[in-house]
Amino acid sequence: MQNINHFHFVHCNIIFNILSYSKTDCMKTAIILFFFVFVAWTANSQEMYQRAKVSGSNDFLNTIGSLGIPVEGEIKKGEYLICDFSQIQIQKMRDAGLTVEVIIPDVQQHYTKQNQSDNQRSVRNTGCFEIPDYSIPSHFNHGSMGGFLTLTELYAELDEMRSVFPSLISARLIVDTIHTIGGRQLYYVKISDNPDVDETEPEVMFLALNHAREPMAMQQEIFFMWYLLENYATNPEIQYLLQNTEIYFIPCVNPDGYEYNRTTNPSGGGMWRKNRRNNGDGSYGVDLNRNYGYQWGLDDIGSSPNGSDETYRGDSAFSEAETQAVRNFTLAHDIKLIQDYHTYSNVILYSWGYEDMPTPDDLLYRTYSSYMASENSFAYGTPMQCIGYNANGGSFDWYYGEQTAKDKIIAWGPEVGDPADGFWPAASLIDDLCKLYVAENLYMVRFACKYAEVKDLSDVAIEMYDNIPFSIQRLGLDSPAVYTVTLTSLTPNATVITTPWVYNDLALLETRLDAFQIETSTGLFPGMPLPFELSISNGIYTVRDTLQKVFGWPAVVFTDSAQSMANWSGGWATTSSDFVSSPSSFTDSPGGSYSNYTSSTITLTLPVSTMMAEMAWVEFYAKWDIEEGYDYCVFEISTDNGSTWIPQCGKYTSRGSADQLPNEPLYDGTQSSWVKEYIDLSDYLLMNLKFRFRLESDSYEERDGFYFDDFTLNIIQSVGMEETELNTLKLYPNPATNELYVSNVSLGNYFISDVSGNIVQQGVCENGKLNISNLAQGLYFITVIENEKRMHAKFVKAE
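In the working numbering, the protein residues as written are 64 to 862.
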């Protein structure tokens, strides 16, 4: 290919000279003219891309990488890769002996057609994993390129932000004076409470579009920017973050490549990845995310030396204006954390990318990433851990690894979007996809500040004299800091005895365990709500969380401490190698790691009942080591004696990938220490239930598997109209208007409480007759004490 402007010049000269040529010469000239016009056309068009499934031997990803083809998309390690490939790439893979199955013959056409009105769809809510409920910023706009902003529209969006919120965002400024091959410059903005002043606050940065065909990376950053700006006036946390950090955004690192995609595919779907450098050998473009200086060109698998390949790394580290500009900007600032967004795969990647080895800060990376993924449930880890592949010359390796000219930067390369949606998701998906990354982005900004997380470790049921234990973990890089944890009762029926806890010497990532002593009022009914507020303050900003507890003594319907398989059937067994309560726990593979193609279960033999329950929940201790994203363990419930099974959400479940149970709650990855799992059974009251654990594996990795111990089904027993084993009262009529009769009481003291626990009426119940005419319409609880026996019931006061 040649420069298109050059062809316009040649074309004009050929036409001029045709006038003086002979007929034969004209024919020759016409052929030449056709050739040049054809080449000119191809220079301004793109090769057809196809979505294909590629498979081969266990190391087939390395084979693909050695061909200069990016290893990205939907990947099942050791089995297959599904992505969008050019026809040349497909032929190269076939020539290398790989199996290639074309799924979508023309992805550019597919990306265009998916935005037709009859094909509109939304991100699916499934089970306990719902799209976060963030309001769509009123200023947030879709673009004209398949719903995505063009380069011109992107810059206009940044300018509008400045116009609407001049006190919160800087003007659009050049990242560096250097120009790209196309004569463009990179731009950045800063969001902070003093955007035009260089303060001494911690700095963080977001980038996107290193790769030109990944617009969703940019679009979610624009959504996040508008979210910060529009919510600053009303959201105390956003006020705190913007008043204590400087947040930089470079939303388009590759303007030449991105604009080129607009010229070839103005409705979206352009597949150009690299920048637009003329490599001098008939090929164009350098992969900017193989051009950064740390471990650049380490091998020809993680990057390519060939200019025609999509992973071409350039002729030297930082050879490109785009990466030079980002490097210079980074060196000129004291940036602490970075997210350099890409698409697609729904994973959060971090160093090392160039080799299969963790960094010295791997614990920090894993801890931070677990919080960042807490809302969207995406997998996280190094490229080898998540996709089974290494790449050199990448941005996050340079941000972290280069520690001579600058300090290390904790950096990630998240991959935005579901594998089914590809590089250009349907316009109808954009808003929901943007929402999935708000919490992830907020967490990174929080980590730059004085920040700690506090977690409630108590059970849902509270007794009269009880403790509410909690953990606190310091996560913020900014120090020193003093953190105060406070528990406040939100009802007069409970009192917090312990004064607030103060911590002034927490080390980064340090976790401490403490507890608050509480005392409840007398006369409370089982199941009565007891709300508390658990808060943590760093002296400037307070994070508050409402804890919904209930009063009552849990009745244990079933418990098993894993001493034998007497209550269970299936292929699991007990093991003495690890446990919570001596001498053993249950596990899927007591002899070591689980095998490939495992499908094993442990099922409760006899059903258990929640017939008398006001509330019900399952608790068990668990730990696991399961290949993330592929193998899994799931806890399931059956209401029809085992004919059908339903996966259950817990505190520690993650969302299943396309290679597991898609979007269903399950356990995978590594949880090396025992945790206490909680499964709410509110949807399964008044039923007979069976439980089971099921472990499934593929053909790739063999891990230690899943362990559980001290399995318990707890209920808070109901109080109502029927006489039960709980010494409940028998009331009639129910609902009642003016008088209420208690049939099984002759003489006793009574008190009546409303749903908030306030005592509204009390006295002596004689001959079982009570006057309730002064009560307002609603639900009430009554307790009668007769001969030192306490009895409970609930009733409705009608008009």
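Each residue gets a CB set at the ideal place from its N, CA and C atoms; glycine is no exception. Note that the structure is a prediction, hence the values are computed from the model and not measured.
Which residues DSSP lists as bridging residue i, in chain order
i    : result
H405 : E478
C146 : A115
E516 : Q536
F510 : Answer is none; F510 lacks a bridge partner.
S866 : With the chain covering 64 to 862 only, the question about residue 866 has no answer from this structure.
Q580 : N530
W680 : D743, N777
T650 : A636, Y770
A799 : K860
L794 : V805
C863 : Past the boundaries of the shown model lies residue 863; the chain is included only from 64 to 862, so the question cannot be answered.
K139 : Y143
M854 : V847
E266 : E309, I398
A685 : V738, F771
R575 : I535
Q358 : None, per the DSSP bridge assignment.
C-beta contact flag for residue i and residue j at 8 Å
i    : j    : result
T733 : D688 : yes
E373 : N317 : no
L842 : V859 : yes
D460 : Y357 : yes
S453 : E478 : Checking the sequence, you will find Asn at residue 453 rather than Ser. Cβ distance not < 8 Å, so N453 and E478 don't count as in contact.
G654 : L124 : no
G119 : L161 : yes
Y514 : F287 : no
P617 : N797 : no
Same chain only: Cβ atoms within 8 Å of residue i, ignoring 5 sequence neighbours per side
i    : result
E220 : N204, L212, I285
D651 : G634, W635, Y657, T661, S663, I665, C696, F756, L758, G768, F769
E339 : Reading off the sequence, residue 339 comes out as Arg, not Glu. So the qualifying residues of the chain are T243, I244, G245, D319, G320, Y323, Y347, G348.
T240 : Q248
L794 : M784, L803, Y804, V805, S806, I845, A856, F858
Q825 : N812, Y813, F814, I815
N801 : N834, I835, S836
L217 : G206, M281, I285, P314, C315
Own chain partners of residue i with C-beta closer than 7 Å, once the 5 adjacent residues on each side are dropped
i    : result
N630 : D623, L667, T668
D363 : S129
Q302 : Y295
K116 : Y143, I145, E164, I166
Residue range of the unbroken alpha helix (DSSP H) whose run includes residue i
i    : result
F286 : 278–294
L351 : Segment: none, L351 is in no alpha helix (DSSP H) and carries neither H nor E.
R325 : 318–327
K176 : 170–176
Y251 : Careful: Y251 lies outside any alpha helix (DSSP H), inside the beta strand (DSSP E) at 250–254.
R757 : Note, R757: premise wrong, no alpha helix (DSSP H); beta strand (DSSP E) at 751–759.
C497 : 493–498
T215 : 214–227
Close-in-space but distant-in-sequence residues of the same chain around residue i (CB under 6 Å, 5 per side omitted)
i    : result
E110 : S149
W104 : Per-residue confidence for W104 stands at a pLDDT of 45, beneath the threshold of 50, marking its modelled position as unreliable; the derived number appears in the next sentence. If we look at W104 and ignore the five residues flanking it on each side, it has no Cβ neighbours.
L214 : P318, Y321, E322
E849 : V808, G811
M268 : Y311, I398, I401
L833 : L803
L610 : D519, F595, L597
Where the beta strand (DSSP E) through residue i begins and ends
i    : result
P592 : 592–600
I603 : No beta strand (DSSP E) contains I603, which DSSP labels as neither H nor E.
Q723 : From DSSP, Q723 is part of no beta strand (DSSP E); its letter is neither H nor E.
S129 : Per DSSP, S129 belongs to no beta strand (DSSP E); it is in the alpha helix (DSSP H), 123–129.
T549 : 546–552
D424 : Segment: none, D424 is in no beta strand (DSSP E) and carries neither H nor E.
S458 : First-last for S458: 458–464, but that is the alpha helix (DSSP H), not the beta strand (DSSP E).
A275 : Looking at the DSSP string, A275 is not in any beta strand (DSSP E), and its letter there is neither H nor E.
Cβ of residue i within 8 Å of any chain D Cβ
i    : result
L394 : Among the chains in the structure shown there is no chain D, since it carries only a single protein chain.
Counting pairs of Cβ atoms below 8 Å between the stretch 553–562 and the stretch 579–589, do you hit three or more? Contact between the stretch 553–562 and the stretch 579–589 is present, because at least three Cβ pairs lie under 8 Å.
Assess, as a yes-or-no matter, whether the stretch 496–506 is touched by the stretch 247–259 under the definition of 3 or more beta carbon pairs within less than 8 Å. In this structure the stretch 247–259 does not lie against the stretch 496–506, because fewer than three pairs of beta carbons, one per stretch, are closer than 8 Å.
If we count Cβ pairs, one from each stretch, closer than 8 Å, do we get three or more for the stretch 221–240 versus the stretch 389–397? Contact holds: three or more Cβ-Cβ distances are below 8 Å.
At least three beta-carbon pairs within less than 8 Å, the stretch 431–446 to the stretch 490–497: No, because fewer than three Cβ pairs between the stretch 431–446 and the stretch 490–497 fall closer than 8 Å, the two stretches do not touch.
Do the stretch 143–157 and the stretch 194–209 touch if we need at least three Cβ pairs shorter than 8 Å? Using a C-beta cut-off of 8 Å, the stretch 143–157 makes no contact with the stretch 194–209, since fewer than three inter-stretch Cβ pairs fall below that distance.
Using 8 Å as the threshold, is the stretch 404–421 in touch with the stretch 434–453, meaning 3 or more CB pairs across them? At 8 Å Cβ cutoff, the stretches touch.
Taking 8 Å as the threshold, find out whether the stretch 531–547 comes into contact with the stretch 512–523 through three or more Cβ pairs. When C-beta atoms of the stretch 531–547 are compared with those of the stretch 512–523, three or more pairs fall below 8 Å, so the two segments count as touching.
Is it true that the stretch 221–230 meets the stretch 329–339, where meeting means three or more beta-carbon pairs spaced less than 8 Å apart? Flag = no, the stretch 221–230 and the stretch 329–339 do not touch.
Count the C-beta pairs between the stretch 700–711 and the stretch 740–756 that are closer than 8 Å, then say yes if the count reaches three, no if not. Two segments are said to touch when three or more pairs of C-beta atoms, one from each, lie closer than 8 Å; by this definition the stretch 700–711 touches the stretch 740–756.
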